[in-house]
Amino acid sequence: MLELKNLTKKYGEHTVLDNINFVFDKGVYGLLGANGAGKSTLMNLITDNIKRTGGEVLYNGTDILSLGAKFRKKVGYTPQLQGMYEDFTARAFLHYIGSLKGMKHKEIKAQTEEFLDVVGLKKAAHKRLGSFSGGMRQRVLIAAAMLDRPEILILDEPTAGLDPEERIRLRNYIADMGRERTVILATHVVSDIESIAHSVIMLCKGKPAAVGTPSQLISGIREKVYEICGTYDEINTLKKDYGKGQIYQTEKGYVLRIVTDEKPCGFQNTSGNITLEDVYLYYAEGRS
176 MLELKNLTKK
186 YGEHTVLDNI
196 NFVFDKGVYG
206 LLGANGAGKS
216 TLMNLITDNI
226 KRTGGEVLYN
236 GTDILSLGAK
246 FRKKVGYTPQ
256 LQGMYEDFTA
266 RAFLHYIGSL
276 KGMKHKEIKA
286 QTEEFLDVVG
296 LKKAAHKRLG
306 SFSGGMRQRV
316 LIAAAMLDRP
326 EILILDEPTA
336 GLDPEERIRL
346 RNYIADMGRE
356 RTVILATHVV
366 SDIESIAHSV
376 IMLCKGKPAA
386 VGTPSQLISG
396 IREKVYEICG
406 TYDEINTLKK
416 DYGKGQIYQT
426 EKGYVLRIVT
436 DEKPCGFQNT
446 SGNITLEDVY
456 LYYAEGRS
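Be aware that the sequence shown starts at 176, since it is given in our numbering, and climbs by one per residue.
Written as C-alpha coordinates, this is what we have:
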(Lines of atoms letter the chains of each structure in order from A and count residues from 1; the text may use other names and numbers.)
(Lines give C-alpha, C1' and ligand atoms only; values in the text may rest on other atoms or scores of the structure.)
Protein backbone atom coordinates (compact mmCIF):
# COMPACT_ATOMS: atom_id res chain seq x y z
CA MET A 1 0.00 0.00 0.00
CA LEU A 2 1.23 3.47 -0.93
CA GLU A 3 0.03 6.43 1.12
CA LEU A 4 0.54 10.17 0.65
CA LYS A 5 0.25 12.31 3.77
CA ASN A 6 0.15 16.11 3.45
CA LEU A 7 2.59 15.87 0.54
CA THR A 8 3.75 19.34 -0.46
CA LYS A 9 6.21 20.75 -2.98
CA LYS A 10 7.23 24.39 -3.33
CA TYR A 11 9.71 26.19 -5.53
CA GLY A 12 10.46 29.36 -3.63
CA GLU A 13 7.12 31.04 -2.97
CA HIS A 14 5.35 29.01 -5.66
CA THR A 15 3.40 26.00 -4.39
CA VAL A 16 3.27 23.22 -6.99
CA LEU A 17 1.56 20.63 -4.77
CA ASP A 18 -0.38 21.54 -1.66
CA ASN A 19 -1.03 18.95 1.09
CA ILE A 20 -1.91 15.92 -1.03
CA ASN A 21 -3.48 13.02 0.89
CA PHE A 22 -4.34 9.73 -0.80
CA VAL A 23 -4.06 5.95 -0.41
CA PHE A 24 -3.22 3.70 -3.38
CA ASP A 25 -3.94 -0.02 -3.32
CA LYS A 26 -4.10 -2.51 -6.19
CA GLY A 27 -5.80 -1.18 -9.30
CA VAL A 28 -5.50 1.58 -11.89
CA TYR A 29 -5.54 5.15 -10.58
CA GLY A 30 -5.96 8.02 -13.01
CA LEU A 31 -4.21 11.28 -12.24
CA LEU A 32 -5.97 13.83 -14.41
CA GLY A 33 -5.21 17.50 -14.92
CA ALA A 34 -4.12 20.15 -17.35
CA ASN A 35 -0.47 20.79 -18.12
CA GLY A 36 1.03 22.46 -15.07
CA ALA A 37 -1.49 20.97 -12.63
CA GLY A 38 1.28 19.13 -10.76
CA LYS A 39 0.98 15.60 -12.17
CA SER A 40 4.63 15.09 -13.12
CA THR A 41 5.78 16.69 -9.87
CA LEU A 42 3.68 14.21 -7.91
CA MET A 43 5.16 11.30 -9.87
CA ASN A 44 8.67 12.53 -9.18
CA LEU A 45 7.94 12.87 -5.47
CA ILE A 46 6.55 9.33 -5.27
CA THR A 47 9.66 7.98 -7.00
CA ASP A 48 11.96 10.17 -4.88
CA ASN A 49 13.43 11.90 -7.92
CA ILE A 50 12.93 15.32 -6.35
CA LYS A 51 12.92 16.47 -2.74
CA ARG A 52 9.60 17.16 -1.08
CA THR A 53 8.96 20.37 0.85
CA GLY A 54 6.72 18.68 3.40
CA GLY A 55 4.60 15.64 4.14
CA GLU A 56 5.26 11.93 3.75
CA VAL A 57 5.18 9.15 1.16
CA LEU A 58 4.62 5.87 2.98
CA TYR A 59 5.02 2.35 1.63
CA ASN A 60 3.28 -0.16 3.92
CA GLY A 61 3.50 2.41 6.71
CA THR A 62 7.19 3.31 6.32
CA ASP A 63 8.49 6.51 4.74
CA ILE A 64 10.19 5.76 1.41
CA LEU A 65 13.13 7.99 2.38
CA SER A 66 14.16 5.46 5.02
CA LEU A 67 13.55 2.52 2.68
CA GLY A 68 15.78 3.91 -0.07
CA ALA A 69 16.75 1.31 -2.68
CA LYS A 70 14.39 -1.27 -1.15
CA PHE A 71 11.45 0.92 -2.16
CA ARG A 72 12.84 1.84 -5.58
CA LYS A 73 13.07 -1.87 -6.35
CA LYS A 74 9.31 -2.07 -5.86
CA VAL A 75 8.63 0.69 -8.41
CA GLY A 76 8.52 0.68 -12.20
CA TYR A 77 8.50 4.17 -13.67
CA THR A 78 7.97 5.44 -17.20
CA PRO A 79 8.55 9.21 -17.26
CA GLN A 80 6.92 11.45 -19.85
CA LEU A 81 10.17 12.05 -21.72
CA GLN A 82 12.83 9.35 -21.80
CA GLY A 83 15.77 8.91 -24.12
CA MET A 84 16.40 5.58 -25.81
CA TYR A 85 19.46 4.16 -27.51
CA GLU A 86 18.45 4.21 -31.18
CA ASP A 87 20.89 1.45 -32.20
CA PHE A 88 19.69 -0.97 -29.53
CA THR A 89 17.18 -3.62 -30.47
CA ALA A 90 14.10 -3.84 -28.26
CA ARG A 91 15.45 -7.04 -26.72
CA ALA A 92 18.91 -5.58 -26.06
CA PHE A 93 17.37 -2.47 -24.48
CA LEU A 94 15.34 -4.55 -22.03
CA HIS A 95 18.43 -6.64 -21.18
CA TYR A 96 20.27 -3.39 -20.48
CA ILE A 97 17.52 -2.05 -18.23
CA GLY A 98 17.33 -5.37 -16.41
CA SER A 99 21.07 -5.17 -15.70
CA LEU A 100 20.66 -1.66 -14.31
CA LYS A 101 17.96 -3.00 -11.99
CA GLY A 102 20.40 -5.60 -10.66
CA MET A 103 18.50 -8.59 -11.97
CA LYS A 104 20.18 -11.94 -12.58
CA HIS A 105 20.92 -12.82 -16.20
CA LYS A 106 18.52 -15.77 -16.22
CA GLU A 107 15.69 -13.58 -14.88
CA ILE A 108 16.46 -10.81 -17.38
CA LYS A 109 16.29 -13.22 -20.29
CA ALA A 110 13.05 -14.87 -19.16
CA GLN A 111 11.23 -11.66 -18.24
CA THR A 112 12.37 -9.86 -21.39
CA GLU A 113 10.68 -12.49 -23.53
CA GLU A 114 7.62 -12.54 -21.29
CA PHE A 115 7.04 -8.79 -21.35
CA LEU A 116 7.86 -8.42 -25.04
CA ASP A 117 5.00 -10.82 -25.57
CA VAL A 118 2.74 -8.93 -23.14
CA VAL A 119 3.17 -5.65 -25.04
CA GLY A 120 2.92 -7.31 -28.44
CA LEU A 121 6.51 -6.78 -29.59
CA LYS A 122 7.84 -10.33 -29.69
CA LYS A 123 8.07 -10.35 -33.49
CA ALA A 124 9.81 -6.94 -33.56
CA ALA A 125 12.22 -7.66 -30.71
CA HIS A 126 15.22 -7.94 -33.07
CA LYS A 127 14.59 -4.56 -34.72
CA ARG A 128 16.43 -1.36 -33.78
CA LEU A 129 14.56 1.15 -31.64
CA GLY A 130 15.34 3.88 -34.16
CA SER A 131 12.93 2.20 -36.59
CA PHE A 132 10.07 1.99 -34.10
CA SER A 133 6.91 4.12 -34.18
CA GLY A 134 5.99 6.24 -31.17
CA GLY A 135 3.55 3.61 -29.97
CA MET A 136 6.09 0.83 -30.23
CA ARG A 137 8.61 2.87 -28.27
CA GLN A 138 6.06 3.49 -25.54
CA ARG A 139 5.36 -0.23 -25.31
CA VAL A 140 9.09 -0.93 -24.97
CA LEU A 141 9.23 1.56 -22.09
CA ILE A 142 6.22 -0.09 -20.45
CA ALA A 143 7.94 -3.47 -20.74
CA ALA A 144 11.11 -1.98 -19.24
CA ALA A 145 9.14 -0.59 -16.31
CA MET A 146 7.60 -4.03 -15.69
CA LEU A 147 10.96 -5.80 -15.44
CA ASP A 148 11.63 -7.28 -12.00
CA ARG A 149 7.84 -7.30 -11.42
CA PRO A 150 7.37 -4.03 -9.49
CA GLU A 151 4.43 -3.76 -7.13
CA ILE A 152 3.89 -0.13 -8.14
CA LEU A 153 3.85 0.99 -11.77
CA ILE A 154 3.94 4.72 -12.49
CA LEU A 155 3.18 5.94 -16.00
CA ASP A 156 3.52 9.62 -16.89
CA GLU A 157 1.62 10.45 -20.11
CA PRO A 158 2.17 6.93 -21.54
CA THR A 159 0.03 7.52 -24.66
CA ALA A 160 1.53 10.87 -25.68
CA GLY A 161 1.97 10.97 -29.45
CA LEU A 162 0.27 7.64 -30.12
CA ASP A 163 -2.26 7.06 -32.86
CA PRO A 164 -5.78 5.93 -31.82
CA GLU A 165 -5.16 2.22 -32.46
CA GLU A 166 -1.93 2.21 -30.44
CA ARG A 167 -3.61 4.18 -27.64
CA ILE A 168 -6.41 1.63 -27.35
CA ARG A 169 -3.97 -1.30 -27.40
CA LEU A 170 -1.79 0.26 -24.70
CA ARG A 171 -4.83 1.16 -22.60
CA ASN A 172 -5.84 -2.50 -22.62
CA TYR A 173 -2.36 -3.51 -21.42
CA ILE A 174 -2.57 -1.04 -18.57
CA ALA A 175 -5.98 -2.36 -17.49
CA ASP A 176 -4.56 -5.89 -17.33
CA MET A 177 -1.55 -4.77 -15.30
CA GLY A 178 -3.82 -3.12 -12.72
CA ARG A 179 -5.25 -6.49 -11.71
CA GLU A 180 -2.07 -7.47 -9.90
CA ARG A 181 -0.39 -4.22 -8.90
CA THR A 182 -0.85 -0.53 -8.24
CA VAL A 183 -0.82 1.46 -11.48
CA ILE A 184 -0.76 5.26 -11.33
CA LEU A 185 -1.42 6.80 -14.72
CA ALA A 186 -0.89 10.54 -15.10
CA THR A 187 -2.44 12.10 -18.19
CA HIS A 188 -4.47 14.96 -19.62
CA VAL A 189 -6.02 12.63 -22.21
CA VAL A 190 -9.36 11.84 -20.56
CA SER A 191 -10.17 8.79 -22.68
CA ASP A 192 -7.00 7.08 -21.42
CA ILE A 193 -8.52 6.52 -17.99
CA GLU A 194 -12.30 6.78 -18.32
CA SER A 195 -12.83 3.07 -18.99
CA ILE A 196 -10.01 1.55 -16.93
CA ALA A 197 -9.43 3.66 -13.78
CA HIS A 198 -10.74 2.37 -10.46
CA SER A 199 -10.35 5.87 -9.06
CA VAL A 200 -9.54 9.29 -10.51
CA ILE A 201 -7.78 12.23 -8.89
CA MET A 202 -8.57 15.54 -10.56
CA LEU A 203 -5.62 17.86 -9.95
CA CYS A 204 -6.08 21.59 -10.35
CA LYS A 205 -3.33 24.07 -9.47
CA GLY A 206 -1.60 21.60 -7.18
CA LYS A 207 -4.69 20.49 -5.25
CA PRO A 208 -7.16 17.61 -5.63
CA ALA A 209 -10.28 19.29 -7.01
CA ALA A 210 -12.22 16.01 -6.95
CA VAL A 211 -11.59 12.34 -6.18
CA GLY A 212 -13.76 9.33 -7.01
CA THR A 213 -14.61 6.64 -9.51
CA PRO A 214 -15.40 7.88 -13.03
CA SER A 215 -19.11 7.22 -12.45
CA GLN A 216 -19.07 9.13 -9.15
CA LEU A 217 -17.38 12.13 -10.73
CA ILE A 218 -19.80 12.09 -13.66
CA SER A 219 -22.80 11.91 -11.28
CA GLY A 220 -21.44 14.89 -9.38
CA ILE A 221 -21.73 17.23 -12.40
CA ARG A 222 -24.75 15.69 -14.12
CA GLU A 223 -27.02 18.66 -13.31
CA LYS A 224 -24.39 21.16 -14.44
CA VAL A 225 -24.14 20.20 -18.13
CA TYR A 226 -25.97 22.48 -20.57
CA GLU A 227 -26.33 22.58 -24.35
CA ILE A 228 -27.65 24.92 -27.01
CA CYS A 229 -28.13 24.36 -30.75
CA GLY A 230 -27.57 26.81 -33.57
CA THR A 231 -25.62 27.61 -36.70
CA TYR A 232 -21.86 27.39 -36.64
CA ASP A 233 -21.48 31.17 -36.44
CA GLU A 234 -24.01 31.41 -33.58
CA ILE A 235 -22.35 28.60 -31.64
CA ASN A 236 -18.86 29.91 -32.23
CA THR A 237 -19.88 33.35 -30.94
CA LEU A 238 -21.44 31.81 -27.82
CA LYS A 239 -18.31 29.79 -27.14
CA LYS A 240 -16.24 32.96 -27.14
CA ASP A 241 -18.67 34.43 -24.60
CA TYR A 242 -18.59 31.43 -22.26
CA GLY A 243 -14.96 30.36 -22.62
CA LYS A 244 -14.41 26.63 -22.13
CA GLY A 245 -16.86 24.36 -23.89
CA GLN A 246 -17.27 21.73 -26.57
CA ILE A 247 -18.67 22.24 -30.05
CA TYR A 248 -19.93 19.23 -31.95
CA GLN A 249 -22.13 18.62 -34.96
CA THR A 250 -25.44 16.70 -35.02
CA GLU A 251 -28.22 16.09 -37.53
CA LYS A 252 -29.97 19.18 -36.14
CA GLY A 253 -26.93 21.41 -36.49
CA TYR A 254 -24.11 22.55 -34.25
CA VAL A 255 -24.23 22.18 -30.48
CA LEU A 256 -22.29 23.98 -27.76
CA ARG A 257 -21.93 22.07 -24.49
CA ILE A 258 -20.70 23.81 -21.35
CA VAL A 259 -20.43 22.68 -17.72
CA THR A 260 -21.25 25.39 -15.19
CA ASP A 261 -22.95 25.95 -11.84
CA GLU A 262 -25.62 28.34 -13.15
CA LYS A 263 -27.89 27.74 -16.14
CA PRO A 264 -26.98 30.11 -18.98
CA CYS A 265 -29.75 31.92 -20.81
CA GLY A 266 -31.14 29.88 -23.70
CA PHE A 267 -29.32 26.67 -22.75
CA GLN A 268 -31.03 23.42 -21.77
CA ASN A 269 -29.81 20.90 -19.20
CA THR A 270 -28.78 17.57 -20.69
CA SER A 271 -28.32 14.34 -18.77
CA GLY A 272 -27.30 12.19 -21.72
CA ASN A 273 -23.85 11.14 -22.88
CA ILE A 274 -22.05 12.86 -20.00
CA THR A 275 -18.42 11.76 -19.83
CA LEU A 276 -15.32 12.27 -17.75
CA GLU A 277 -14.35 14.93 -20.29
CA ASP A 278 -17.23 17.07 -18.99
CA VAL A 279 -15.87 16.56 -15.46
CA TYR A 280 -12.44 17.62 -16.68
CA LEU A 281 -13.84 20.81 -18.23
CA TYR A 282 -15.69 21.64 -15.05
CA TYR A 283 -12.73 21.31 -12.70
CA ALA A 284 -10.16 22.68 -15.17
CA GLU A 285 -11.63 26.12 -14.46
CA GLY A 286 -10.60 25.83 -10.81
CA ARG A 287 -13.88 24.74 -9.22
CA SER A 288 -13.78 22.47 -6.18
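Backbone N, C-alpha and C fix where the C-beta goes; we use that ideal spot for every residue, glycine too.
> How big is the Cα-Cα spacing for residue 279 and residue 270?
Replying inline: Each residue's CA atom was taken as its position, placing residue 279 and residue 270 some 10 Å apart.
> Does the region 373–381 come close enough to the region 302–316 to have 3 or more Cβ pairs within less than 8 Å?
Replying inline: Short answer: they don't touch.
> Less than 9 Å separating the beta-carbons of residue 298 and residue 276?
Replying inline: No.
> Among the residues of its own chain, which have a CB less than 7 Å from the CB of residue 320, if the five just before and after it don't count?
Replying inline: Closer than 7 Å at Cβ, skipping near neighbours: 251, 252, 253, 328.
> In this structure, what does DSSP give as the bridge partners for residue 436?
Replying inline: As far as DSSP is concerned, residue 436 takes part in no beta bridge.
>> Please state whether the Cβ-Cβ distance between residue 287 and residue 303 is less than 9 Å.
In response: Going by C-beta atoms, residue 287 is not nearer than 9 Å to residue 303.
>> Using the Cβ count rule (16 or more neighbours within 10 Å means buried), how would you classify residue 218?
In response: Looking at its Cβ environment, which holds 16 or more other Cβ atoms inside 10 Å, residue 218 is buried.
> For residue 292, which three-state DSSP category applies?
Replying inline: Three-state DSSP puts residue 292 in a helix.
> Nearest-angstrom Cα distance between residue 197 and residue 360?
Replying inline: If you take the alpha carbons of residue 197 and residue 360, they lie about 15 Å apart.
> Grouping DSSP H, G and I as helix and E and B as strand, with all else coil, what is residue 383?
Replying inline: Of the three classes helix, strand and coil, the one that applies to residue 383 here is strand, per DSSP.
> Which partner residues of residue 303 appear in the DSSP bridge assignment?
Replying inline: In the DSSP output, where bridge partners are listed per residue, residue 303 has 264.
>> Given a cut-off of 9 Å on the beta-carbon distance, is the pair residue 456 and residue 433 in contact?
In response: Result yes, Cβ atoms of residue 456 and residue 433 sit closer than 9 Å.
>> Measuring straight from C-alpha to C-alpha, what distance separates residue 395 and residue 344?
In response: Annotation: residue 395 to residue 344 spans about 30 Å, alpha carbon to alpha carbon.
>> Quick check on this structure: which residue in 210, 264, 183, 195 has the alpha carbon closest to the alpha carbon of residue 227?
In response: When only C-alpha atoms are compared, the closest one is 183.
>> Taking 9 Å as the threshold (C-beta atoms), are residue 364 and residue 342 in contact?
In response: Yes.
>> Using 8 Å for Cβ pairs, my map puts residue 230 next to residue 180. What's the rounded Cβ distance?
In response: So it is a contact: roughly 6 Å between Cβ atoms.
>> Could you compute how far the alpha carbon of residue 436 sits from the alpha carbon of residue 366?
In response: Looking at the two C-alpha atoms, the distance is approximately 24 Å.
>> By the three-class DSSP mapping on this structure, what secondary structure does residue 415 have?
In response: Here residue 415 sits in helix by DSSP.
> Below 8 Å, can you find three or more Cβ-Cβ pairs linking the region 200–215 to the region 257–264?
Replying inline: These segments do not touch.
> Can you list, in chain order, the residues of its chain whose CB lies under 8 Å from that of residue 322, leaving out five sequence neighbours each side?
Replying inline: Correct list, in chain order: 251, 269, 272, 273, 276, 278, 283, 286, 287, 290.
> Is residue 213 helix, strand or coil when you go by DSSP?
Replying inline: Three-state result, residue 213: coil.
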